[in-house]
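Here's the structure we're looking at; comments come further down.
2 protein chains.
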Amino acid sequence: MPPPPAVDIDVGAEAVDDNSPSTTPAYLTVLGVDELRANSVFSGGIAAVGLSDAFKSKTNGKKPTSKDFTYRLTLESRSRQPSPLKQAAQYLSRKGMISLGGGLPSSAYFPFDHVSVGVPRGDLFSESDIHKYAHNVTIGKHDMKEGTSAYDLSVALNYGQGTGSPQMVRWVTEHTEIVHNPLYQNWACVMTVGSTSAFEMCLRSFCNRGDYFIADEYAFCSAVEAGRGLGINAVGIRMDSEGMIPSHLDEVLTNWDEKAREAKKPFLIYLVPTGQNPTGSTQGTQRRKDIYALAQKHDLIVIEDEPYYFLQMDKYVSPSAGSNNGSNNGNSTPAPKTIDEFLASLTPSYLSMDIDGRVIRLDSFSKVIAPGSRCGWLTTSSKICERLMRHNEVTVQAPSGFSQAILFKLLDEHWGHGKYLDWLVHIRKEYTLRRNTMLEACEKYIPREVASWTPPAAGMFLWFRVKSERHPAFGRKNMLEMEHEIFEAVIDQKTLLAKGSWFFAEPEGDHPDVYLRATFAAAEEGAMVEGIKRFGNALRISFGLPAFTETA
Amino acid sequence: MPPPPAVDIDVGAEAVDDNSPSTTPAYLTVLGVDELRANSVFSGGIAAVGLSDAFKSKTNGKKPTSKDFTYRLTLESRSRQPSPLKQAAQYLSRKGMISLGGGLPSSAYFPFDHVSVGVPRGDLFSESDIHKYAHNVTIGKHDMKEGTSAYDLSVALNYGQGTGSPQMVRWVTEHTEIVHNPLYQNWACVMTVGSTSAFEMCLRSFCNRGDYFIADEYAFCSAVEAGRGLGINAVGIRMDSEGMIPSHLDEVLTNWDEKAREAKKPFLIYLVPTGQNPTGSTQGTQRRKDIYALAQKHDLIVIEDEPYYFLQMDKYVSPSAGSNNGSNNGNSTPAPKTIDEFLASLTPSYLSMDIDGRVIRLDSFSKVIAPGSRCGWLTTSSKICERLMRHNEVTVQAPSGFSQAILFKLLDEHWGHGKYLDWLVHIRKEYTLRRNTMLEACEKYIPREVASWTPPAAGMFLWFRVKSERHPAFGRKNMLEMEHEIFEAVIDQKTLLAKGSWFFAEPEGDHPDVYLRATFAAAEEGAMVEGIKRFGNALRISFGLPAFTETA
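Below is the structure:
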């Protein structure tokens with residue numbers, strides 16, 4: 001968590017104009033949200049407009065404005081016109097107006113009276129506790145009319161604006177300010193139907209067929225695949241244990257030969273800075289600063305896709321390295337005890353260091369709430385947000401109203417920002433335990449002479465380099481053939497891993513090494529250990545090593 | 001409802017190979033679904049694959065195969081590759097396989113124990129009855145493991161396939177077969193996040209920048225707007241009270257001059273055949289046959305966007321025309337009494353007459369369940385479905401799991417196909433009452449000397465032609481100026497209508513007439529009548545007519 005910028009700012013509605021000491025921190029905190037809301041007007045009726053500006057704290061007013069990156073937009077993005085029907089909504093605020101205008105169905109015909117959801121009670125976050133002690137939150141059809149809630153089914157299940165509902169825009173705007181506190185004043189959030197869709201929107205908004213975008217040499221395959229359909233291929237930048245290597249990024253961009261490449265110098269860079277998929281690598285603070293400096297040097301737009309941002313873990317300490325009893329499940333370094341400690345422990349985001357407004361941050365509930373919510377948001381300068389919102393209008397429109405209403409009920413009314421951060425601390429701890437279990441199994445079962453790995457500092461993935469140069473078939477088979485042989489050997493042991501080649505940013509590029517990806521996200525603890533044991537067996541068989549014995 | 005094709009077909013698992021009479025109808029009916037399901041295997045686990053072929057009745061096997069329209073696909077659509085991660089799911093069916101492959105989070109970390117929804121009990125369909133007697137359906141986290149349901153939150157809230165969940169694909173496939181019984185065997189359904197998104201997918205799959213698509217001269221503005229961003233403009237075909245005029249469609253296509261237009265002859269035609277937005281027009285059966293014949297003649301792909309298909313109403317009979325007591329709310333012609341009568345009363349869809357496989361039907365729950373579900377489906381030949389499913393994979397992925405689970409619980413487990421059709425009969429009746437209320441108000445309050453309208457046979461919209469040639473400003477002001485003056489006059493009376501110009505397929509085209517659109521979908525009955533009264537007053541003021549008096 002970066003410190004707030006050293007400028008004279010105030011918070012909420014309370015101006016701090018003198019130099020007297022104040023107990024109110026000079027940036028938005030979890031505790032400041034109530035005051036912020038108390039001093040603003042909220043309107044969230046059917047298809048109501050709700051832009052982030054209505055929900056940001058006043059501290060933002062004293063920040064500089066961002067640069068304008070609309071000159072980077074494609075013809076497609078620039079061509080979009082506001083929907084006349086959505087614009088007509090302006091007339092509806094006039095007193096006494098009867099609308100026979102928009103074709104919004106009457107909520108009387110929604111066959112749902114209420115939606116009730118069992119969610120965690122207090123700090124009882126384990127699955128069995130949620131089941132046993134579930135707290136029911138209920139979304140009624142007409143709660144707003146009855147004054148019992150700021151959101152209800154009659155609104156959530158009708159059409160909405162391309163920004164998403166004001167109820168959710170407010171929540172994500174506050175959350176984004178609390179966690180990232182952007183450095184410029186004109187930032188905004190727009191709801192998305194998930195970051196896969198959001199990234200594809202960005203590709204179409206900034207690149208044309210024949211252009212390239214920049215990615216890690218091993219990259220999230222849906223991002224690469226989304227580009228392929230659009231004829232926008234990825235340029236892969238070499239990676240180390242902290243992800244993208246800045247010197248190689250600089251080299252590729254500095255030496256870009258438009259004629260040889262038959263393409264313009266790329267300016268869109270796609271990053272998963274934390275717990276990268278598939279390598280599990282996490283960029284440290286300095287790495288991010290270095291890449292951001294290069295983004296400024298080469299005038300890049302940075303897509304920061306951060307589904308695993310809150311799954312940052314304690315440093316892994318191997319049980320064999322210490323004097324403990326062999327199980328270090330989560331106890332290797334102290335976990336954060338408070339929200340402030342937790343936020344302070346997070347590697348700063350690109351958004352938090354973006355003075356120019358060149359970062360588009362993609363957030364998602366998929367890895368911290370549930371993928372099936374198909375709901376996330378993006379954060380960038382308001383002019384770019386406006387274009388992406390227009391894109392939403394004629395495509396997905398907005399996230400599901402069921403998703404928005406249920407998330408609102410849980411995140412805003414039931415949890416609030418503080419308890420949500422508590423939940424993230426819980427999830428972080430659970431994934432840390434899972435990571436440790438898998439790493440301990442690896443140390444026990446994987447023959448180090450033929451495979452290596454780096455303990456991930458975040459996310460869900462463990463990335464194995466298989467030392468194919470030691471494989472009996474080395475020299476006779478090419479890299480893809482050896483990868484397939486080893487992958488099939490693991491399948492024969494009834495375990496499924498992901499092939500490194502599935503993640504090539506440049507399928508035609510030069511890839512001397514064999515990699516396999518394992519996830520510690522899903523399998524039960526016992527199955528996870530057994531899976532790693534089988535992987536170890538597969539390697540022993542494939543490389544002709546002696547079988548594993550418990551005393552080995 | 002078209003009769004089933006006259007070929008030797010059987011139903012479900014029961015082959016009818018002899019000529020003996022059978023009581024089983026030779027096509028899938030509501031009552032045949034149980035038997036169909038009893039004779040097939042259903043698998044609906046996490047990210048399970050579920051294609052329509054698994055859910056269609058055996059009658060389909062004896063139908064001819066469709067033509068192959070993949071040659072019409074754009075480079076974008078043809079370039080999409082299957083996701084390697086989704087393909088890897090094939091290994092998971094092997095017994096004993098442990099997956100460390102896909103990065104699917106564990107459902108243990110979804111903070112939801114159950115979702116409970118209050119839905120209609122029996123035939124108690126009114127909003128007050130649903131509130132008073134709500135039946136609660138509950139979706140648990142692990143209902144599948146416990147054997148109590150075919151779907152649960154642990155599956156619905158995880159990642160899924162680009163087709164949507166097998167649970168929903170099964171339901172929409174059965175529904176589509178019951179209602180439309182496609183003529184060729186290789187049809188399939190893919191879930192969408194709504195028809196706005198589905199249409200944009202179709203545009204991108206069949207047209208390139210600079211191409212045209214064909215539409216009604218007044219067309220759904222989001223469809224036109226979606227095309228604008230893509231550089232795919234609409235060609236507007238003239239309309240009458242039954243929508244698109246076939247002779248003009250034929251004329252435009254036959255005389256298409258690629259050089260003069262600087263564009264290829266268009267082949268994608270966008271239609272809202274039932275209760276068209278904005279004109280409210282409904283194509284009769286012969287009109288559809290004529291347009292389909294032209295689609296064959298000119299080798300068109302037909303996008304049939306049918307959100308209002310089930311809102312087909314009884315013929316309107318003006319109370320002043322008959323001998324009844326002045327209120328004909330829904331009683332003008334007998335409403336269908338049974339599901340069979342209802343289905344038989346529906347104008348046949350393009351899908352039902354499509355022997356070639358050139359129709360892509362878009363269905364939506366927005367107008368019959370709730371827009372906020374952001375869930376619909378499309379139906380066409382399986383090869384085109386496969387391409388659109390790939391498109392889903394790298395963009396929206398699938399509809400919200402909350403939406404899919406709640407719809408499944410309501411439509412499949414609680415209602416089943418029959419009760420859903422009962423609900424549609426109910427909704428149809430409600431909209432018929434609303435339409436009649438608005439039409440009666442029009443007859444009372446709108447001065448016929450300056451405005452005319454045709455009672456809509458379906459949908460939500462009433463389309464007024466304002467006789468601008470009788471306006472005092474006629475000749476001095478152009479059409480758009482007069483339209484704006486009249487629109488503002490209605491706003492001054494505190495009523496919002498939609499301008500006809502918002503729906504121009506070709507904004508630059510020649511539009512001599514002024515139109516305004518009203519909807520009877522949303523406002524309360526009293527407000528609707530008051531709104532029409534105000535509209536009448538606005539016309540009287542704007543045209544300089546005497547004020548309305550009750551005795552007039």
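Residue numbers (full-length UniProt numbering), protein chains in the order written: chain A, 1 to 552; chain B, 1 to 552. The C-beta atom is built at its ideal place from N, Cα and C for all residues, glycine as well.
Buried versus exposed, by CB contacts within 10 Å (16 or more), residue i
i: B:Gly236; result: buried
i: residue 554 of chain A; result: Shown here, chain A extends from 1 to 552; a query on residue 554 of chain A therefore has no answer.
i: A:Gln312; result: buried
i: A:Thr380; result: buried
i: A:Leu253; result: buried
i: B:Phe213; result: buried
i: B:Lys95; result: exposed
i: A:Thr285; result: exposed
i: B:Leu104; result: buried
i: B:Gln161; result: buried
Beta strand (DSSP E) segment containing residue i, residue limits
i: A:Cys207; result: From DSSP, A:Cys207 is part of no beta strand (DSSP E); its letter is neither H nor E.
i: A:Asp211; result: No beta strand (DSSP E) holds A:Asp211; DSSP gives it neither H nor E.
Neighbour flag for residue i against chain B, beta carbons, 8 Å
i: A:Gln283; result: no
i: A:Gly194; result: yes
i: A:Gln397; result: yes
i: A:Trp502; result: yes
i: A:Cys385; result: no
i: A:Met528; result: yes
i: A:Lys429; result: no
i: A:Leu424; result: no
i: A:Glu127; result: yes
i: A:Val359; result: no
Contact under 8 Å by Cβ, residue i with residue j
i: B:Asp363; j: B:Gly372; result: no
i: B:Gly509; j: B:Glu483; result: no
i: A:Leu85; j: B:Trp502; result: yes
i: B:Phe520; j: B:Arg434; result: yes
i: B:Glu156; j: B:Ala441; result: Looking at the sequence provided, one finds Ala at residue 156 of chain B rather than Glu. No, these two residues do not count as a Cβ contact at 8 Å.
i: A:Tyr292; j: A:Asn181; result: no
i: A:His114; j: A:Thr138; result: yes
i: A:Pro266; j: A:Asp356; result: no
i: A:Arg170; j: A:Gly50; result: yes
i: A:Val193; j: B:Val193; result: yes
i: B:Ala518; j: A:Leu100; result: yes
i: B:Gly531; j: A:Ile98; result: yes
i: A:Phe112; j: B:Val117; result: yes
Chain A within 8 Å of residue i, Cβ atoms only
i: B:Pro447; result: no
i: B:Cys221; result: yes
i: B:Asp113; result: yes
i: B:Arg228; result: yes
i: B:Pro64; result: no
i: B:Asn158; result: yes
Residue range of the unbroken alpha helix (DSSP H) whose run includes residue i
i: B:Phe220; result: Note, B:Phe220: premise wrong, no alpha helix (DSSP H); not H, not E.
i: A:Thr254; result: Pro246 to Thr254
i: B:Thr285; result: Thr285 to Lys297
i: A:Met438; result: Gly416 to Tyr445
i: A:Val450; result: From DSSP, A:Val450 is part of no alpha helix (DSSP H); its letter is neither H nor E.
i: A:Phe408; result: Careful: A:Phe408 lies outside any alpha helix (DSSP H) and carries neither H nor E.
i: B:Ser154; result: Leu153 to Ala156
i: B:Val169; result: Pro166 to His180
i: B:Glu485; result: Met479 to Asp492
Taking contact to mean at least 3 C-beta pairs separated by less than 8 Å, is the region 61-70 of chain B in contact with the region 175-185 of chain B? Yes, the region 61-70 of chain B is in contact with the region 175-185 of chain B.
Does the contact criterion of 3 or more C-beta pairs under 8 Å hold for the region 478-492 of chain B versus the region 195-205 of chain B? No, the region 478-492 of chain B is not in contact with the region 195-205 of chain B.
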